[in-house]
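In what follows, a single structure is set out as structure tokens and then discussed.
Chains as they are written, first to last, in the numbering used here: chain L, 621 to 1128; chain B, 106 to 606.
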């Protein structure tokens, strides 16, 4: 074995898996299972926080590298075990740690098949951490697919409504996307002169190549479809509302908070950095799709009467901004950097904001036993803490200055407007609609006359408040002092673009 | 024939001897359980001999020396030894899973074990043959006992199964023979390597209408004959009925060992006798078409099945399609030395398919031994009633779907890689889309086990040998899924030997 590294990132990736194994094999009783899962989630949060803090902006591009070069050492099919973080992935690792912790504690009330539930939840976290830290395409793809089965079980067994249908739909959509990604990855590898899965070497190797195993546009598309399904980009989004609505609360939190970000991460890490010329040509398509996502998503959101479905559709709308941000790659000078940093920031902030919203929706449902908005009203009097938290999350979602939502959206618009004036203007209109549905939602659920039926509804317990508090802190902290996240992102993006810019210099 | 020759075919001889020994002992020993145990333990002999032969090939230097046996009709090289390991391993697992099931055969238990061993002998010979008449004889040796085995339960379904297998196997043999005759007529030799020499330099163009068309017809007929053996569509019609009616361990044997032997001979014949580039591109196209057809038919029809044995039959057809992708991937280009990507992909996939399919069948047998039903709906609630069994079955099905961390994932990545490398990216796309379709029906079984209420609360526990089979195969699925190097090295070495024969 030819291995190097401190093992820190391996610990981050595999700690949840190890905890899941212990839960399945050794833990006795539901109480022990919960405590073990909680402990693992806290440890994971600490580890991911440590990774984020240890990331040194003046250091090498990829840090804390764990590497085994001869995992699959077949000469003609060389696969490495290769983990590392850069400025793009370090904040996402932190985000996964935060939301993983929130998800575990939001699941404290699960009574049905507790052992399996927490095991799957932890396996899911391993898969997501793996996606964000993998630097070998096959490992990346393995982690990407590893997330399918836990998610399938979590929705189908512990979900509500048409859960089995939603679980299968989620699985088929995602699996189809990733199936295309596999062919794309293989076509890259088997192009003469590339022959590597190493993501740190691929950008340069691709730039130096002209004759690909398949047309480069096709390879790009095969890879992009997987990310587009995951983000999701209209018209590949239809799995999302179903999956979100029927998933248990904690799973919605993770799904919205981090799983969608796998799509955006893939776009920036692979589509932008490895195919700079192709994506510049396709940027008009990105901005168009982004605008459709924003406006269509927002328009559909307004009409929703199910609290959870409403938040789900708002995710479709908000992920549109990621696309708009990425479309700034077609711009000159500093614009791509600004736009992409905005897109990355949007991923982070949407993770915290929508994670919190789903958490709150779950809590509200637990207490009032309905998600049907017209049945609610005046809940603020009965549950002031939840109401305030919902207000903060809602205002952040519509991009109120002082919250994190504002920071990311302004960056996206600043990057994209000079490039795609009309498109950006249309996308910005989405904020108005967002304000409409968020405020209307708050008014219909928490304000207005009190309803007698909800007379003895209780507010959140301290245990429920803990993950809420962490997420609110993250939202406000990024809103007030964004640079502790955005500087790291900017650094990561600069390297991504650095690769892309020197492409122009090298190209004849 | 010399003593050295006997040593070289000693694995086959010892396997056949074991079968005969069992039959003889059956006359005097009344405890059938002892004979079943002997059948499993006796497999150690051919295994040790095969390992010795492999090591013998290693010790002759870096370049493996292939040794011709019996007037050069058989070849003992690493390629054939790979399949010997595979067949012996499969037989061992089949025997472990048969214990309880075979007791239903009462008086004829020992005959059951003996027939499996004889069929396995034919399969092992098949992997070694490099001459067409020997191929034909080995094929018959492997197929005839199978027909008897399929009819072993002696109820109407099982008899139908045996009859179908016998008749259709005869038809396919006839096609194969006719194809061989044409090839012989064109080249004047039945030795595969001589055929290749004769064809080398022949120009396959419009200039030679009759001759080259006769050859092509011969090749196509051989493809059809082998297509039956490997359950490739459109020669798959027999598989679902036979699989459903045959005793379940025999079904497992058919879908794993019989198919592996079929692929062994396909690779041997086409990569040794017809490697000429002009020709190989032609048969590669035929195999690519068969691959598309097998995957699509297998996966689409599997969706509507309600009997798990039938479902696994169609899934076997689909997997034959994935394997044919590897056979079709002849024209591998970059990087240098990746010419073996296709064959080694097939071998790796066969190894992986063996462990995952055997894991699935072990679980199915363990469950149906107790419930007496092969219907998917009778699996409802197994996640509660039999956590280990259901876990292994679910894991095996996930592996068949091709999701990590399983050998099915690695096998798919590798074999689709071979296709892309051979310029068949479109075929790889058809393959991955098909694997998405397959997710639907595999996970339907998982859904029944974990998400439907149980029909009864009675827990289910398999007997110890079956448990060994279950956990052993499941462990292999996981191990090769995380750390495939070992199996991949083996497959690559074996595939490289193919060129030297």
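Don't be surprised by glycine CBs; every beta carbon is placed ideally from N, CA and C.
Given the structure is predicted, the values throughout are model-derived calculations rather than measurements.
Run through chain B and tell me which residues come within less than 9 Å of residue i, C-beta to C-beta.
| i | result |
| --- | --- |
| residue 771 of chain L | What residue 771 of chain L touches in chain B: nothing, since even the nearest Cβ is about 11 Å away. |
| residue 784 of chain L | 552 and 556 |
| residue 788 of chain L | 544, 545, 548, 549 and 552 |
Tell me, which residues are paired with residue i by DSSP?
| i | result |
| --- | --- |
| residue 701 of chain L | L/688 |
| residue 992 of chain L | L/926 |
| residue 236 of chain B | B/296 |
| residue 539 of chain B | Answer is none; residue 539 of chain B lacks a bridge partner. |
| residue 624 of chain L | L/687 |
Using DSSP with H/G/I as helix, E/B as strand and the rest coil, what is residue i?
| i | result |
| --- | --- |
| residue 131 of chain B | helix |
| residue 1115 of chain L | helix |
| residue 205 of chain B | helix |
| residue 683 of chain L | strand |
| residue 510 of chain B | coil |
| residue 215 of chain B | helix |
| residue 557 of chain B | coil |
| residue 177 of chain B | coil |
| residue 629 of chain L | helix |
| residue 526 of chain B | helix |
| residue 1021 of chain L | strand |
| residue 913 of chain L | helix |
| residue 754 of chain L | strand |
| residue 587 of chain B | helix |
| residue 901 of chain L | helix |
| residue 966 of chain L | helix |
| residue 746 of chain L | helix |
| residue 581 of chain B | helix |
| residue 707 of chain L | coil |
| residue 435 of chain B | coil |
| residue 921 of chain L | helix |
| residue 341 of chain B | coil |
Short of 6 Å in beta carbon distance, which residues of its chain neighbour residue i, apart from the five on each side in sequence? Order them along the chain.
| i | result |
| --- | --- |
| residue 1068 of chain L | 997 and 998 |
| residue 1077 of chain L | 987, 988 and 1002 |
| residue 740 of chain L | 770, 773 and 774 |
| residue 598 of chain B | 183 |
Kindly list, in the order they appear in chain L, the residues whose Cβ is closer than 8 Å to that of residue i.
| i | result |
| --- | --- |
| residue 497 of chain B | Neighbours of residue 497 of chain B on chain L: none; closest Cβ ~14 Å, over 8 Å. |
| residue 522 of chain B | 697, 806, 809 and 810 |
Might you give, ordered along the chain, the residues of its own chain that have their beta carbon closer than 7 Å to the beta carbon of residue i, omitting 5 neighbours on each side?
| i | result |
| --- | --- |
| residue 300 of chain B | 288, 292, 294 and 378 |
| residue 335 of chain B | 364, 367, 368, 371 and 425 |
| residue 1037 of chain L | 1044 |
| residue 1000 of chain L | 1007, 1066 and 1067 |
| residue 691 of chain L | 699, 700 and 701 |
| residue 639 of chain L | 656, 657, 660 and 742 |
| residue 422 of chain B | 336, 338, 341, 344, 399, 402 and 403 |
| residue 410 of chain B | 416 and 419 |
In chain L, what lies closer than 9 Å to residue i by C-beta?
| i | result |
| --- | --- |
| residue 412 of chain B | None at all; the shortest Cβ gap to chain L is about 21 Å. |
Can you pull the chain B neighbours of residue i, defined as C-beta to C-beta under 7 Å?
| i | result |
| --- | --- |
| residue 776 of chain L | 552 and 556 |
| residue 795 of chain L | 541 and 544 |
| residue 799 of chain L | 537, 538, 540 and 541 |
| residue 792 of chain L | 541, 544 and 545 |
If the cut is a Cβ gap below 7 Å, which residues of chain L does residue i touch?
| i | result |
| --- | --- |
| residue 79 of chain B | Nothing can be reported for residue 79 of chain B, as the shown portion of chain B is limited to 106 through 606. |
| residue 525 of chain B | 803, 806, 807, 810 and 833 |
| residue 389 of chain B | Those within 7 Å of residue 389 of chain B in chain L number zero; the least Cβ separation is about 17 Å. |
| residue 590 of chain B | 692 and 693 |
Name the chain B residues whose beta carbon is nearer than 8 Å to that of residue i?
| i | result |
| --- | --- |
| residue 768 of chain L | 508 |
| residue 758 of chain L | 518 |
With a cut-off of 7 Å, does the C-beta of residue i fall near any C-beta of chain C?
| i | result |
| --- | --- |
| residue 762 of chain L | Judged by its chain identifiers, the structure shown contains no chain C, and its protein chains are L and B. |
I'd like the list of long-range same chain contacts for residue i, defined as Cβ closer than 8 Å, with 5 residues on each side in sequence excluded.
| i | result |
| --- | --- |
| residue 170 of chain B | Confidence at residue 170 of chain B is low in this model, with a pLDDT of 49, below 50, so its placement is unreliable and the value that follows should be read with caution. So the qualifying residues of the chain are 162. |
Unbroken alpha helix (DSSP H) runs of length 4 or more, entirely within the region 1032-1083 of chain L: which are they?
1041-1065
Going residue by residue through the region 452-494 of chain B, where are the continuous alpha helix (DSSP H) segments of at least 4 residues, counting only ones entirely within it?
487-490
Which runs of the beta strand (DSSP E) fall wholly inside the region 249-308 of chain B and span at least 3 residues, in chain order?
none
Segments assigned alpha helix (DSSP H), at least 4 residues, entirely inside the region 797-858 of chain L:
822-827 and 836-850
Which runs of the alpha helix (DSSP H) fall wholly inside the region 343-412 of chain B and span at least 4 residues, in chain order?
343-350, 353-358, 364-373 and 382-408
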